[in-house]
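To start, the structure itself, in structure tokens.
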Amino acid sequence: MSKRQINVTQSFLPPFDEYAARLKEVWESGHLTNNGPNVLKLESDLKTHLGVKHLFLVNNGTIAIQIAIKALDLSGEVITTPFSYVATVSSLVWEGCTPVFVDINETDFCIDVAKIEAAITNKTTAILATHVYGHSCNVVEIERIAHKHDLKVIYDAAHAFGVTLNGTSVLNHGDISTLSFHATKIFHTGEGGALVTNDDELAHRIAYMRNFGHNGAEAFHGIGINGKVSEFHAAMGLCILPRMDGILSERKRVSDRYDGHLSTLSKAYRYDAAAQAGYNYSYYPFLLESEELLMELREELAKEKIFPRRYFYPALHTLPYLKSCSMPISESIAPRMLCLPLFTQLTDEEVDQICGIIKNCLEK
Ligand SMILES: *Cc1c(COP(=O)(O)O)cnc(C)c1O
């Protein structure tokens, strides 16, 4: 029997009958979108599950960032990280802001707070930082800097679903946190995302901005866009959310098994995201000694139909539509970082096989 292909992730899917039962209700109601009952229930359940005050579902994690930028009325320069998914930075440019990069830490790959203040100018309006691999940024220091310089803070929390800090959701930090519920994320709705805020006034702006700016059928509060979510997507979320405990424990199983094999290897650095209490096991980042070694390992794995991914590559300050600048840490990390396959359906035997290939490659 030929072995199956293993990708960096595989979407968790609920039992089909359970999803079909929800779809049947949608069919019978004829209510397909525009804040239907599945969307309202998922928003309410997510608020409870995550422990946050306001949460608005939107149709993807990128539109969530774009609405956050608009809701905070950002312009001028926004301080951000070169080590994130492209949507973090492209959203800023799309909304007419200028990204100003601050390099990352070598330890957790989040923005280096010690370098933020030097990048602030009289044009700076905000900080947009990413909780990389679900490891939270230094939110205390970012809050201190933002307060001192009167800046807004957005966290791209696409990796941070369910992550807690001192027992409460990391999403409670910053003016707005954004989530992605794309099929590759630990909690997903196929496509989807959300904005989270504790601020009532901002919540009101987000609510109308997500729906074209409508204030009733024939009036408008202000400018808006279509960020709405369909009942089909929300129904998927409702089937998956009650299963998150099981999903997390399976991901921890895989992650711990990798650790057992890989934590003592030389030529690679296993960064211990799970050392943070309240971690969500969203990724298994594996930092190689060199890019050559990464390429070699990738080739060996591909021969066995195993496909890890380079999250994140290339570093975002090198995007062709941006003015070039130098970010030494990101330039060093991005080419050497590989995220290993991590998903609930990955068996112990498959993890052992992947680790066997890695050991062969690194120890020769
Ligand atoms: C997935 C992701 C996004 C984009 O989310 P989409 O739902 O795919 O639009 C943004 N930022 C980060 C860090 C991500 O991982």
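For what it's worth, this note's numbering labels the leading residue of the sequence shown as 463, then goes sequentially.
All C-beta atoms, glycine included, are put in the ideal place defined by N, C-alpha and C.
Source: prediction; values computed, not measured.
Shortest gap from the CB of H635 to any heavy atom of ligand 1: 6 angstroms or more. In this structure, the CA atom of I795 is about 26 angstroms from the CA atom of D814. Ranked by Cα distance from G740, the first of G629, G513, I768 and A530 is G629. In the three-state scheme derived from DSSP, where H, G and I count as helix and E and B as strand, D618 is classed as strand. When the beta-carbon positions are compared, T471 and S546 stay at least 7 angstroms from each other. With contact defined as three or more Cβ pairs closer than 8 angstroms, the stretch 556-574 and the stretch 527-537 are in contact.
Remark: C-beta atoms of E693 and L494 approach each other more closely than 7 angstroms. Taking 4 residues as the shortest admissible run, the stretch 781-809 contains the following complete alpha helix (DSSP H) segments, listed from N- to C-terminal end: 790-795. Under DSSP, I566 shares a beta bridge with I573. Shown here for K729: same chain residues with a beta carbon closer than 6 angstroms to its own, the five before and five after excluded, namely E751 and L824 in chain order. Less than 7 angstroms divides the Cβ of S631 from the Cβ of V514.
Here T510 carries a helix assignment [DSSP, helix/strand/coil]. Nearest C-alpha to Q528 among K767, G655, L808 and D574: G655.
Not one heavy atom of ligand 1 is found less than 6 angstroms from the C-beta of A645. Between the alpha carbons of A588 and R484 lies a gap of roughly 41 angstroms.
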